[in-house]
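>
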Amino acid sequence: MSVFTKIISGEIPSYKIAENDEFFAFLDINPNAPGHTLCVPKVEENKIFDLEAGVYGRLMEFSRKVAIALEKEVTCKRVGMAVVGLEVPHVHVHLIPLRDMEDMRFINKVSLSKEEMSDISTRVHTRFLLG
Numbered sequence: 001m002s003v004f005t006k007i008i009s010g011e012i013p014s015y016k017i018a019e020n021d022e023f024f025a026f027l028d029i030n031p032n033a034p035g036h037t038l039c040v041p042k043v044e045e046n047k048i049f050d051l052e053a054g055v056y057g058r059l060m061e062f063s064r065k066v067a068i069a070l071e072k073e074v075t076c077k078r079v080g081m082a083v084v085g086l087e088v089p090h091v092h093v094h095l096i097p098l099r100d101m102e103d104m105r106f107i108n109k110v111s112l113s114k115e116e117m118s119d120i121s122t123r124v125h126t127r128f129l130l131g
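In terms of the working numbering, the sequence shown opens at residue 1 and continues consecutively.
#1: Name, in chain order, the residues that DSSP records as bridge partners for C39.
#2: What residue ranges within the segment 33-89 form continuous alpha helix (DSSP H) runs of no fewer than 4 residues, ordered along the chain?
#3: Whether or not the segment 38-56 and the segment 105-121 are in contact is what I'm after, with contact meaning three or more pairs of Cβ atoms, one per stretch, closer than 8 Å; do they touch?
#4: Looking at the structure shown, is L129 part of a helix, part of a strand, or coil, going by DSSP?
#5: Give every residue of the same chain whose Cβ lies closer than 7 Å to the Cβ of N20, excluding the five residues on either side of it in the sequence, and list them in chain order.
#6: Would you be able to state if there are at least three C-beta pairs under 8 Å between the segment 70-79 and the segment 7-16?
#7: Can you tell me which of the three DSSP states K139 falls into?
#8: If I measure Cβ to Cβ from R127 and keep anything under 7 Å in the same chain, skipping five residues before and after, which residues do I get?
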């Protein structure tokens, strides 16, 4: 069972951004930038291109909706997307609010308080629900 499956089940706490029957989005606890969010399928799959085509398309649409909410609630020039998948064997899409290209480098991390994480999570979750 992956760490993301444990987050989805509530075994590990998270700062939830969005959820539907198939997907779950939450703040990365080691973010590149404030608002760095992970979108994951609830069914554990190791590699993104091993997803069934329909699931892949729905994951991209879910990620798009989350990115739109992020861009409205987190100060940035745009939201970048990356799929790397080496660190956790569970498909995940990184959505990173970008101020500059350095925010996409996975060696640059920011530190946020629990209050800052909670505030971002609440604002983006509310925006996501509003559509």
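Cβ coordinates follow ideal geometry from the N, Cα and C atoms, glycine included.
For this structure:
#1: According to DSSP, C39 bridges with A25 and V93.
#2: Correct list: 53-73.
#3: They do not touch, by the three-pair rule.
#4: Looking at L129 - three-state DSSP - the assignment turns out to be helix.
#5: Excluding positions up to five away in sequence, the list reads F62.
#6: At 8 Å Cβ cutoff, the stretches do not touch.
#7: Residue coverage of the chain in this structure runs from 1 to 131, which leaves residue 139 outside it and unanswerable.
#8: Short of 7 Å from the beta carbon of R127, and not among the five residues preceding or following it, lie these beta carbons of its own chain, in chain order: A69, K72 and E73.
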